[in-house]
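In mature numbering (1 follows the signal peptide of the UniProt record, and there is no 0), the protein residues as written are -30 to -1, 1 to 697.
Set out below in structure tokens:
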């Protein structure tokens, strides 16, 4: 395999890997965002007072994305809020509220909740009447029906208790989007702590499971009353999110954090401590709870840790199995690719081949595309070009430079080559088209004497169809291109030729399919996609995708790119040797000293196979280097007039007379851009093929040739449970 092919395989594998990563990572990354915006960070400093309140200072850093309504109109952001669940047996009220916009330094003032529906205001009216204020309201009956807030009366238990939902919101000036909008919010959670016979205890919900605002990072510092220490206090963090927790050295301050909090992920803390003074919380319940509460929380933590351990073992096992299977598939696929590459390389005794290959030009074009591909060429176009040239060499058609109009009035079935050349000289040289002449013999019983193979007959049939549509046996390739522009049946004739050439190629038995060798590479790619889905579902996400799925996709796709679709039936296959050998011979022709006298007839057939290999220009250049006289028009007129393929390819137009050519193909009459006869024909037939494809009915199919520690679950309750959002 050539370096370019390896480079292409690497590039395709990288692109496939990038596409996989983007498709798999995008939903994970999108999950951290919300139509209601998000908190970049939420920092809370909290102090538990001896009388049972929790005093907090919060800094919220919000990120708001641009949003639109159903008519694509921008909907501005104007309000942030948090809703708190008040319960008479836990947190009963909120007080000492203040809000400050840290972006502007403005301290907001309280107002009635008359602006609780931002969408009912224009931006100018909102900014004038509502912005810069905060409110508190009872929203137990819905945010659209706010009622005056009143704190609850504490009760000892839930059985005789009441609850309500309170919303604290703050209004900021209208903004379509903002990367960082920071607020400082202070408030006191009243009666959060309950005094029992042996301890004071509370469960405080920082965020409940109804909160849909994603949070990048939550950091909480919770200070217990003065005098509390490690031996006189106990605490547990409840959350299912990725978290960390710790205590200060004296044990009084609890610190916990959680990252990447998504919708519905709660955070609450349960704590109890020995009374530190005569002052105790107002809510008092008789009886001791320290041991029972301790046992309950420890049991929850043990169960959570055991479950996490169990889940982790399963996850790691799955990750490991996927990684091992993926590695095995990738290694196997790469090994198979190397073997198949070797099997696709000819290793027989033939280095150079001077005779004609034992196959049709169409079969030679297909076989060359497998064993000796030429960059930038298409085998089907090469096959058609070579086959038409073969028809010329056998006398079924004539091919002449320029448009058909040039030859009007001339009997093109028996032309005088020298006279034609002189006429073309007088008219100013070549054009980017060629004239095809269907010879009379094609329409006589003598046609079988030309010994046309199946693909040659199919190519001739296509030319005859063009002739019939044009209305003349003499036509040029531009006319042929135009006549097939609206022909919805021409693709059948082209397919007949391609099928015939493929049939002749298959009959050689020179190659065999290696598609089965791609199975391991395909399985590696499929496993890469499935593993990405598994990692997204089980956790691990982007990191595991990068470490396992992405390499698996890259190696699997690389193996697919390196594995040839076709290999040789045997490493020393004669047909492959003939094609490779002749191609080398024509490319190195001028280096041989024993080539002997120029055989124009043989070179006529050489040019047919040079076109099949896609090396027409190279072959002509080698011929000129080996025999400089062929660049002399006078020599051609005297010695090569009977060899149409060679003659018209080599004979320069008048403005080239008198110059010898060294190592390059002469700008013959067949091309206004200096290419050879074969390359010019190839360009024309490529254009004709594109035209036929464009005209093909859309319904027609085509067949291919091919936390110390962290928090634990089981919580989700607690006093003051809050959820937030934006409007």
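We put the beta carbon where it would ideally sit given N, CA and C, even for glycine.
Computed from a prediction, not measured in an experiment: that's the story for all the values here.
- request: Identify which residue in 652, 155, 427, 432 has its Cα closest to the Cα of residue 105.
  value: 155
TODO: Return the bridge partner residues of residue 371 from the DSSP annotation.
DONE: 404
> Considering only C-alpha positions, which residue in the set 410, 376, 138, 385 is nearest to residue 394?
Replying inline: 376
With DSSP run on the structure shown, which of helix, strand or coil describes residue 21?
-> coil
Check your understanding: Measuring CA to CA, which of 582, 584, 551, 593 is closest to residue 568?
Key -> 593
| message | Assuming residue 157 is part of the beta strand (DSSP E), what are its boundary residues? | response | 148 to 160
- Item | Cross-strand partners of residue 47 (DSSP beta bridge) | 145
Exposure label - residue 188; buried when at least 16 CB within 10 Å: buried
- prompt: What residue does the beta strand (DSSP E) around residue 71 start on, and which one ends it?
  reply: 63 to 71
| said: Just to confirm before moving on: does the CB-CB distance between residue 698 and residue 6 stay below 8 Å? | reply: This structure cannot settle anything about residue 698, because the visible part of the chain is limited to -30 through 697.
**Item:** Pairwise C-alpha distance: residue 193 and residue 220
**Value:** 11 Å
- So what does DSSP say about residue 179, is it helix, strand or coil? coil
Could you pull out every residue in the same chain whose Cβ sits closer than 7 Å to the Cβ of residue 45, ignoring the five residues on either side in sequence?
37, 38, 39
With distance defined between alpha-carbon atoms, name the residue in 287, 250, 233, 205 nearest to residue 271. 205
Roughly how many angstroms lie between the CA atoms of residue 286 and residue 496, to the nearest whole one? 20 Å
| task | Report all residues from its chain with a CB closer than 6 Å to the CB of residue 78; omit the five preceding and five following residues, and keep chain order. | result | 69, 102, 103, 104, 140
With 8 Å as the threshold, decide whether the Cβ of residue 80 is near any Cβ in chain B. Considering every chain present, this structure includes no chain B. It has just one protein chain.
Alpha carbon to alpha carbon, how far is residue 572 from residue 425?
21 Å
Helix, strand or coil: which one does DSSP assign to residue 670?
For residue 670, the predicted model reports a pLDDT of 48, less than 50, meaning its position is unreliable; a value from the coordinates is still stated below. Three-state result, residue 670: coil.
Point to revise | Nearest-angstrom Cβ-Cβ length linking residue 260 and residue 168, presumed shorter than 8 Å | key: 5 Å
Inset, instruction - Using alpha carbons as the reference points, say which of 138, 150, 92, 124 lies closest to residue 160. - result: 124
Original post:
For the alpha helix (DSSP H) that contains residue 583, what are its first and last residues?
Top reply: 570 to 583
Is residue 498 closer than 8 Å to residue 523 when the C-beta atoms are compared? yes
CB-CB length for residue 445 against residue 374, believed under 8 Å: 5 Å
Let me know the secondary structure DSSP gives residue 514 once reduced to three states. helix
message = Going by the DSSP bridge assignment, what does residue 104 pair with across the sheet?
response = 80, 140
Cβ neighbour criterion (16 or more within 10 Å) applied to residue 699 = This structure does not reach residue 699, given that the chain is present from -30 up to 697, and the question cannot be answered.
**Request:** Pick helix, strand or coil for residue 593, following the three-state DSSP scheme.
**Result:** helix
Fill in: Option in 327, 335, 450 with minimal Cα separation from residue 468
335
Item checked: Contact between the stretch 211 to 220 and the stretch 265 to 284 (3+ Cβ pairs under 8 Å) -> no
| message | Please report the straight-line C-alpha distance between residue 714 and residue 145, rounded to a whole angstrom. | response | Residue numbering for the chain in the displayed model covers -30 to 697; residue 714 lies beyond these limits and cannot be assessed.
task = Using only alpha-carbon positions, find the residue among 174, 157, 298 that is nearest to residue 164.
result = 174
Note to self: Residues in the same chain with beta-carbon distance under 7 Å from residue 131, minus the five sequence neighbours each way, listed in chain order, please.
What the structure shows: 57, 58, 59, 125
Margin query: Tell me whether the stretch 298 to 310 and the stretch 547 to 564 touch, counting them as touching only if at least three CB pairs, one residue from each stretch, are closer than 8 Å.
Written below: no
Nearest candidate by alpha-carbon position, reference residue 461, set -10, 235, 588, 659:
659
Three Cβ pairs or more, each shorter than 8 Å: is that satisfied between the stretch 9 to 26 and the stretch 81 to 88? no
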